[in-house]
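Please read the structure below before turning to the comments.
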Amino acid sequence: MSELNVPSQQPSFAPEPSVRRPLRIAIFGFGTVGSSAARILVESQPEGLELTHVFNRGVARKRVDWVPSSVEWSEDAEAVLSSDVDVIVELAGGLEPAGSWVRRALNAGKSVVTANKKLIAYHGIELERLAAAKGGDLKYGAAVAGGIPVIPGLEQGLAGDRIERVEGILNGTCNFMLSKMEEGAEYAAVLATAQARGYAEADPTEDVGGFDARAKLAILMRLALRAEINPEEIVPKPITEISAVDFSYARDLGCTIRQVARGERSGEEIAATVGPMLVAQRSPLAWSRGTENMVVLSGRYGGNVVFSGHGAGGNPTAVAVVSDLLALAHGSRRVDIPSTPGHVGAEFEVPHYIRFRVVDRPGIVAEITGALAKEQINIRAIVQKSGYPQEALPFVVTVEPCKSSALSRALENIRTMDCLLDEPLDLQMLE
Ligand SMILES: NC(=O)c1ccc[n+]([C@@H]2O[C@H](COP(=O)([O-])OP(=O)(O)OC[C@H]3O[C@@H](n4cnc5c(N)ncnc54)[C@H](OP(=O)(O)O)[C@@H]3O)[C@@H](O)[C@H]2O)c1
Numbered sequence: 006m007s008e009l010n011v012p013s014q015q016p017s018f019a020p021e022p023s024v025r026r027p028l029r030i031a032i033f034g035f036g037t038v039g040s041s042a043a044r045i046l047v048e049s050q051p052e053g054l055e056l057t058h059v060f061n062r063g064v065a066r067k068r069v070d071w072v073p074s075s076v077e078w079s080e081d082a083e084a085v086l087s088s089d090v091d092v093i094v095e096l097a098g099g100l101e102p103a104g105s106w107v108r109r110a111l112n113a114g115k116s117v118v119t120a121n122k123k124l125i126a127y128h129g130i131e132l133e134r135l136a137a138a139k140g141g142d143l144k145y146g147a148a149v150a151g152g153i154p155v156i157p158g159l160e161q162g163l164a165g166d167r168i169e170r171v172e173g174i175l176n177g178t179c180n181f182m183l184s185k186m187e188e189g190a191e192y193a194a195v196l197a198t199a200q201a202r203g204y205a206e207a208d209p210t211e212d213v214g215g216f217d218a219r220a221k222l223a224i225l226m227r228l229a230l231r232a233e234i235n236p237e238e239i240v241p242k243p244i245t246e247i248s249a250v251d252f253s254y255a256r257d258l259g260c261t262i263r264q265v266a267r268g269e270r271s272g273e274e275i276a277a278t279v280g281p282m283l284v285a286q287r288s289p290l291a292w293s294r295g296t297e298n299m300v301v302l303s304g305r306y307g308g309n310v311v312f313s314g315h316g317a318g319g320n321p322t323a324v325a326v327v328s329d330l331l332a333l334a335h336g337s338r339r340v341d342i343p344s345t346p347g348h349v350g351a352e353f354e355v356p357h358y359i360r361f362r363v364v365d366r367p368g369i370v371a372e373i374t375g376a377l378a379k380e381q382i383n384i385r386a387i388v389q390k391s392g393y394p395q396e397a398l399p400f401v402v403t404v405e406p407c408k409s410s411a412l413s414r415a416l417e418n419i420r421t422m423d424c425l426l427d428e429p430l431d432l433q434m435l436e
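First residue of the sequence shown? That's 6 in the working numbering, and the numbers climb one at a time after it.
Okay, here's the thing in structure tokens:
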């Protein structure tokens with residue numbers, strides 16, 4: 006009898022048929038992202054995932070007829086957390102009570118998927134350790150750049166590289182506003198439009214002040230630069246001082262203006278900053294318009310990798326949430342990227358754009374160049390466009406790469422000049 010006739014005696018390499026029941030999922034927070042995530046789970050019915058609970062305060066306001074009757078609606082967080090759900094999807098936002106729910110779930114050995122950048126930026130390390138200790142998992146692919154898979158990209162496709170620099174447009178509200186200003190509008194008008202369209206909050210400080218982008222940068226720096234940075238160490242610069250005249254000057258310099266978050270490793274030290282910057286019109290960062298996000302990761306071995314797409318909005322962000330849930334359901338193991346505590350001690354050495362607004366009088370340029378020379382800062386160009394009144398004259402000085410601390414000292418001297426109408430605007434230039 007040939008071997009072929011006795012297949013039952015052969016070792017079998019066929020995979021065991023899966024007998025795992027679907028993961029039981031509770032969504033905490035049925036708002037923009039929570040309702041979109043529920044919609045995808047209900048409509049697409051991804052294999053291995055079952056929506057069983059929706060938790061929100063004032064649930065009567067939230068109920069919708071497209072959620073199957075098998076799903077339990079609840080206003081009682083404790084009851085859902087102590088039920089037999091496998092995964093809590095935290096989409097309420099903020100540090101508390103979201104943080105307590107997440108800790109409670111992880112302590113019970115459940116897994117958590119969240120889009121909460123603030124919670125992950127400030128407490129991500131502690132929560133990941135808790136998850137590992139209790140046998141659950143914590144996934145937050147939606148916390149940075151919404152629907153753009155930059156976090157899974159870092160955890161999988163780029164884990165083999167050593168990322169040395171991360172640069173990104175991480176706040177869709179600022180990008181919408183700045184790309185509208187590029188068309189000629191002033192700050193106050195574009196803020197009103199952003200608020201009317203629901204892109205900006207009534208109090209826009211988190212976005213325009215750079216606080217939202219710095220939380221996302223801190224998360225990216227941990228995965229990309231492997232450095233655990235307290236977000237408070239990154240001092241953001243607001244976009245509020247940018248005016249239409251800056252876009253006009255930027256255009257003449259072959260640039261535009263974007264809110265950029267950047268972090269770089271310089272030996273053991275980290276340089277990190279968030280704020281409006283001049284970016285060359287031919288650079289990828291200038292291409293992103295409207296509410297788009299973009300992240301450029303520069304690897305020692307692989308060079309630049311660019312991620313771009315919709316960084317916010319219910320559906321794009323919910324795609325990232327459901328993708329995290331599918332990774333859990335399929336038991337996908339991510340690469341454990343080691344990180345160590347770091348601090349922001351290094352400075353970027355880049356060219357700067359400085360815009361002055363003055364009452365014109367003789368000797369202004371000589372005084373400014375003198376203050377810069379005292380700090381060994383070389384001037385690249387002095388640009389003055391015609392058509393502005395002598396009593397409120399905007400002009401621009403660009404300088405060769407220098408440390409921000411040296412420029413700050415020079416500007417401290419320049420600020421004492423009696424002809425200045427307002428604070429000089431200092432922007433980094435990315436080349
Ligand atoms: N929207 C985006 O484009 C986007 C993109 C990336 C990441 N994210 C992140 O995703 C998360 C959710 O954002 P979102 O835009 O979906 O917010 P949202 O529309 O305000 O939804 C939050 C939901 O959670 C509920 N909620 C908040 N606090 C609660 C509490 N203490 N008890 C019970 N329910 C509570 C809210 O109920 P009420 O209706 O009663 O307030 C609301 O239904 C945030 O962490 C956000 O940073 C959002």
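Glycine included, C-beta positions come from ideal geometry on N, C-alpha and C. Because the structure is a prediction, the values reported are computed rather than measured.
Rounded to whole angstroms, the separation of the alpha carbons of T178 and G314 is 14 angstroms. The beta-carbon distance between L124 and A103, rounded to whole angstroms, is 6 angstroms. This is short enough to meet the 8 angstroms contact definition. Taking the Cβ atoms as the reference, V118 lies roughly 5 angstroms from K144, within the contact range of under 8 angstroms. A contact is defined here as three or more CB-CB pairs under 8 angstroms, and the segment 45-58 meets this definition with respect to the segment 317-337. For R170, the enclosing beta strand (DSSP E) stretches over residues 168-174.
Counting the other Cβ atoms within 10 Å of the Cβ of A223 gives 16 or more, which makes it buried. If you draw a straight line from the Cα of S88 to the Cα of H58, it comes to about 10 angstroms.
Three or more Cβ pairs closer than 8 angstroms define a contact, and the segment 237-254 falls short of that threshold against the segment 317-328. Along the length of the segment 91-171, whole beta strand (DSSP E) runs at least 3 residues long occupy 92-95, 116-119, reported in chain order.
For the segment 333-374, not one full-length alpha helix (DSSP H) segment reaches 4 residues or more. When the Cα atoms are used, S74 and F33 turn out to be separated by approximately 18 angstroms. Within 6 angstroms of the C-beta of R68 there is not a single heavy atom belonging to ligand 1. A straight-line Cα-Cα distance of about 45 angstroms links A397 and A232. In the three-state reduction of the DSSP assignment, Q381 falls in the coil class, being assigned neither a helical nor a strand state. Membership of G268 in the beta strand (DSSP E) is indicated by the continuous run 260-271. For F252, the secondary structure class from DSSP, reduced to helix, strand or coil, is helix. Close CB contacts of I387 within its chain, under the 6 angstroms cut and outside five residues either way in sequence, are with V402 (chain order). Annotation for G203 indicates a beta carbon at 6 angstroms or more from all heavy atoms of ligand 1. A contact is defined here as three or more CB-CB pairs under 8 angstroms, and the segment 410-428 meets this definition with respect to the segment 363-377. Secondary structure of E48 (DSSP, three-state): helix.
Boundaries of the beta strand (DSSP E) harbouring G304: 297-304, taken from the DSSP string. At least one heavy atom of ligand 1 sits closer than 6 angstroms to the Cβ of L96. For N320, the shortest separation between its Cβ and any heavy atom of ligand 1 does not lie below 6 angstroms. Residue burial is scored here from C-beta neighbours: G375 has fewer than 16 other C-beta atoms within 10 angstroms and is therefore classed as exposed. The three-state secondary structure of N235, taken from DSSP, is coil. Contact annotation: the segment 252-269 does not touch the segment 158-165, with fewer than three C-beta pairs closer than 8 angstroms. Bounds of any alpha helix (DSSP H) do not take in P281; it lies within the beta strand (DSSP E) bounded by 274-285. Check the Cα spacing between S271 and each of A317, G347, S184, P356: the tightest is with G347. Here D217 is not near N180, since their CB atoms are 7 angstroms or more apart.
Taking 6 angstroms as the cut-off, the C-beta of R62 counts as close to a heavy atom of ligand 1. DSSP places E211 inside the alpha helix (DSSP H), whose first and last residues are 210-213.
DSSP places R29 within a strand segment (E or B) once states are collapsed to three. Here W292 carries a helix assignment [DSSP, helix/strand/coil]. Sorting V327, L435, Q389 by C-alpha distance to the C-alpha of L46 places V327 at the top.
Between K221 and V149, the C-beta spacing is below 7 angstroms. If you check the CB distance, T245 and Q286 do not come in under 7 angstroms.
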